[in-house]
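Protein chains in written order, with this note's numbering: chain A, 187 to 514; chain B, 306 to 1109.
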């Protein structure tokens, strides 16, 4: 009911805006582009909700989404003005910053890393120690994550066989012993395929990473702080809705990707919930220690070659304004 | 126009409305009071339930906390953990580990408070012992229960446990060595299903009762009864009660819950747990009692109303029935049925009303009958009168058609029969004092003949005390409305006449005089016989009226004839006189003609020879001689003028007068112009009124004006500022013309002589003239049918007035 009304209201508002003379229409809604990290997925459900429910429209914004992908320069899109905001992993923000790109995180969506390592239930691989001598499929990007975990228990990278290309399905054939992927998607697919898995969480091995974060350029923060504030506020509202109504995720996504598997995406959102709302602090909140730790880990793992000023990586300013608090 | 509401429905409706209002107000009062008390009861019920649940929850969590703390404090555990951490012998480690597990494991069995117990290494957070083996050797260093559990007993409020992949509450307590250093942290995962059970536990009295916890991210923390899918930390709720509660308030309200179903809700904010407790029951169930009460009320009210309505209708009928009957009767009575009477059926006011109506109806009936009879009578009389008047009109018309009264009277008599009489006769008094029968009329001409025959044989006796001569003499009518046989006997001189008269069947008669100027010119007789009708006094009046008109007619005829005769005589005399006058006139004319000629001839000689003398022998004469001659000439000339004037005067008086429109003003102006031309040296002021026109003889009037204006000119000869006026004036009420001058004037004592022939009031030396002028003027004015007179005073000028 509420969603229907929200949608109706949004539709009416948009309709009204469309019908009004061109001048007022263009001044009424500022067009904003959000560069997604990947193709349309449940991990962006909050954005979709903000769009569909008219949260953006209420803030005077008209947001359109550009799908990302492995070969798309997310940061670049934001820096060259193709998009005003972007969404990518916090670790990527650190790496880009290290490369001199003036990108800065505004809020984190996934405040725990949904990246997990998993093996077939009967493989006997339940702990990180069990990886020794095993074939582990891990992408180059996530490789440092694994290394950091291994380092936590004193393992050396060469104690495992890393396979950087492949797919999760190799797990079934035994080509790999351990796969890596998102608990919100890969694990679900495997379970859907009928396989039960043991999950090894990076969080259990001292690796605590933020995942999906919203970022923009330093320049944009300086020149358009009001737009940033409005965008973030609406986005947080959208995520609140998504948290409370996870089963609507499928329907939301279908609006942008008509071919999406609605049931899968809803299940994905349900799995994603505890990563977004940990129960410990507000949605979107960031802690200095965590950014510090992430940078440290990347440095240790050699991903980062130079030290960074951690304060350059993020700004809590807008999130604090939105929640009216300085503490979570 | 709206149809008026009938009495029976009115009474019924009034009664029903009253009953309905009464039932409604009682019902509403009862219902709302019931509802209010039920509401209050429910709120307080829910409130106590909430309190109870809160207490239970706290107890449970506290139990968990206490349990963990107790275990953490157990010496056995302390020793075992110490061993685990310090000993390096693998076997010993393993033994200690197993012992600890064995110790911990019972608390995690099904039905017990814990799902899981772990012991974590301080600083690293590594799980060294766990009742769930899969958790061992994992690191929980960033978990709040670990971080805080190092410092003392701690409860981590509901959160989503990654490792358990489910919502959890974790209690922790440090395991301390004797000297207070933290050996390890003991953490226990409480079974959230138990918590749900506590919260949702009901007494079973209410079917729709539900209770649940919501965290400050608006997510369910326990499973609500009516959501089948897992909702804990997976579904949000933002109903009014939850919002209020999460804002830190506790209370109760009526609102719609997460199913959008109306509920009665009590909510409590649990600050220690940062949770909102909601206890609710569906309004439908809560208020069922009062709703069913309401339904019963409605049903009973409906029944009561129905009964009341039926009662009302019956009652109304009872009351209104006699009234309606009365109404019907009165209506029919009003429409003309005067026979309506009501039977007296009751002793009450309605019965009395019926009785009174009956008396009224009786009296109306009687009066109605009287009125009708009276009306008939009147109609009859009106018809009669109309007939009479129409007869009168016709009679008048007949009489006025001409002055030939014999024919008119005959016509009148014929008009009277048979409308006004069976017999009608008219007798006119002749020169010889005898009544001549002018007309006798009856519908049967044979009877008319018979009547004439009768008259001849038995002429009426002039000396009889009654009859036509009596009427003629006395000028009074004889009227016999009802002729009896005795009367017939009385008037019949002999039995034969009596027999005839009887046969005639005379019933009623009247003889009226034809009166004019107080005496009778004749009589008219009207008799009713065969038709059997009788005259009344009005018939007599009518007859007298007609008789008067007839008399008037006769009188007028006679007068007219006389007038005619006189007229003829007068004409004759006028003719004779005119002939006389014409003759005289002719003689006069001849006379004056010869006179003038005869007089003129010697005069011509006189003047001629004098002139010759003057011319031929003038030089032989001395001054005296010339003087004498001049005077001779002057004298003869004057005589000539005099003769001319006299001739003129006599001609003027005899000549035929023309009658044409004459503009006096124009004539006057003309005269003035001539005078000014003739005497250019003289300046005289003239004021002549415009537009004086009369009907008369232009030539004569010109002469008159010439004289008058000429005189005025003459007699102002000595004035320094001579002024002559000619205009109209109102002289004693009629219009007169005047010519005024400011000349020498004359003495009024001699005014009579003014217009005489040859009369002069001034000497010829003073003013020229022969004295004929004014006489001529007078003659002319007189011929115009007017008068002329004058006013003057010596030295003040004169004014001559004349009318035309």
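Think of the CB as a built atom: it goes at the ideal place given N, C-alpha and C, for glycine as much as any other residue.
Just the C-alpha distance for residue i and residue j, rounded to the nearest angstrom, thanks.
i: residue 289 (chain A); j: residue 372 (chain A); result: 29 Å
i: residue 916 (chain B); j: residue 938 (chain B); result: 7 Å
i: residue 343 (chain B); j: residue 330 (chain B); result: 20 Å
i: residue 643 (chain B); j: residue 723 (chain B); result: 44 Å
i: residue 717 (chain B); j: residue 700 (chain B); result: 6 Å
i: residue 1039 (chain B); j: residue 783 (chain B); result: 60 Å
i: residue 226 (chain A); j: residue 494 (chain B); result: 37 Å
i: residue 321 (chain B); j: residue 621 (chain B); result: 11 Å
i: residue 210 (chain A); j: residue 460 (chain A); result: Residue confidence for residue 210 (chain A) is low, a pLDDT of 42 falling below 50, so the modelled location carries little weight; the figure read from the coordinates is stated next. C-alpha separation (whole angstroms): 42 Å.
i: residue 614 (chain B); j: residue 520 (chain B); result: 60 Å
i: residue 369 (chain A); j: residue 454 (chain A); result: 8 Å
i: residue 440 (chain B); j: residue 432 (chain B); result: 7 Å
i: residue 535 (chain B); j: residue 473 (chain B); result: 14 Å
i: residue 515 (chain B); j: residue 460 (chain B); result: 26 Å
i: residue 762 (chain B); j: residue 853 (chain B); result: 30 Å
i: residue 1093 (chain B); j: residue 1079 (chain B); result: 10 Å
i: residue 1052 (chain B); j: residue 906 (chain B); result: 39 Å
Within its chain, find whatever has a CB closer than 7 Å to the CB of residue i; leave out the 5 residues flanking it on each side and keep chain order.
i: residue 404 (chain A); result: 288 and 290
i: residue 511 (chain B); result: 586 and 590
i: residue 454 (chain B); result: 477, 478, 479, 490 and 492
i: residue 419 (chain A); result: 245 and 508
i: residue 529 (chain B); result: 515, 517, 536 and 563
i: residue 742 (chain B); result: 730, 732 and 760
Can you check whether the C-beta of residue i is within less than 8 Å of a C-beta belonging to chain A?
i: residue 524 (chain B); result: yes
i: residue 452 (chain B); result: no
i: residue 444 (chain B); result: yes
i: residue 467 (chain B); result: yes
i: residue 555 (chain B); result: no
i: residue 576 (chain B); result: no
i: residue 572 (chain B); result: no
i: residue 439 (chain B); result: yes
i: residue 447 (chain B); result: yes
i: residue 464 (chain B); result: yes
So, are the CB atoms of residue i and residue j less than 8 Å apart?
i: residue 1042 (chain B); j: residue 997 (chain B); result: yes
i: residue 367 (chain A); j: residue 383 (chain A); result: no
i: residue 418 (chain B); j: residue 496 (chain B); result: yes
i: residue 830 (chain B); j: residue 712 (chain B); result: no
i: residue 573 (chain B); j: residue 559 (chain B); result: no
i: residue 855 (chain B); j: residue 704 (chain B); result: yes
i: residue 279 (chain A); j: residue 490 (chain A); result: no
i: residue 569 (chain B); j: residue 341 (chain B); result: no
i: residue 221 (chain A); j: residue 273 (chain A); result: yes
i: residue 157 (chain A); j: residue 438 (chain A); result: With chain A represented from 187 up to 514, any question about residue 157 (chain A) goes unanswered, as that position is not in the structure.
Keeping to the same chain, check which residues put their C-beta closer than 8 Å to that of residue i; ignore five residues upstream and five downstream.
i: residue 523 (chain B); result: 541, 542, 543, 547 and 551
Using C-beta distances below 6 Å, list every residue in its chain close to residue i, excluding the 5 sequence neighbours before and after it, in chain order.
i: residue 386 (chain B); result: 480, 488 and 489
Comparing the C-beta of residue i with each C-beta of chain B, is any distance below 8 Å?
i: residue 459 (chain A); result: yes
i: residue 463 (chain A); result: yes
i: residue 389 (chain A); result: yes
i: residue 478 (chain A); result: no
i: residue 456 (chain A); result: yes
i: residue 394 (chain A); result: yes
i: residue 466 (chain A); result: yes
Any heavy atom of the ligand GDP closer than 7 Å to the beta-carbon of residue i?
i: residue 270 (chain A); result: Inclusion of the ligand GDP in the displayed structure is not the case, the ligand content being empty and no account of it being possible.
Listed in chain order, which residues of the stretch 424 to 452 of chain A have Cβ atoms closer than 9 Å to some Cβ of chain B?
-> 426, 427, 429, 430, 431, 432 and 433
Name the residues in the stretch 293 to 315 of chain A whose C-beta lies less than 9 Å from a C-beta of chain B; which are they?
-> 298, 312, 313, 314 and 315
Name, going along the chain, the residues of the stretch 328 to 341 of chain A whose beta-carbon falls closer than 7 Å to a beta-carbon of chain B.
-> 338
Residues from the stretch 535 to 566 of chain B in contact with chain A, defined by Cβ distance under 9 Å | 535, 538, 539, 540, 541, 542, 543 and 565
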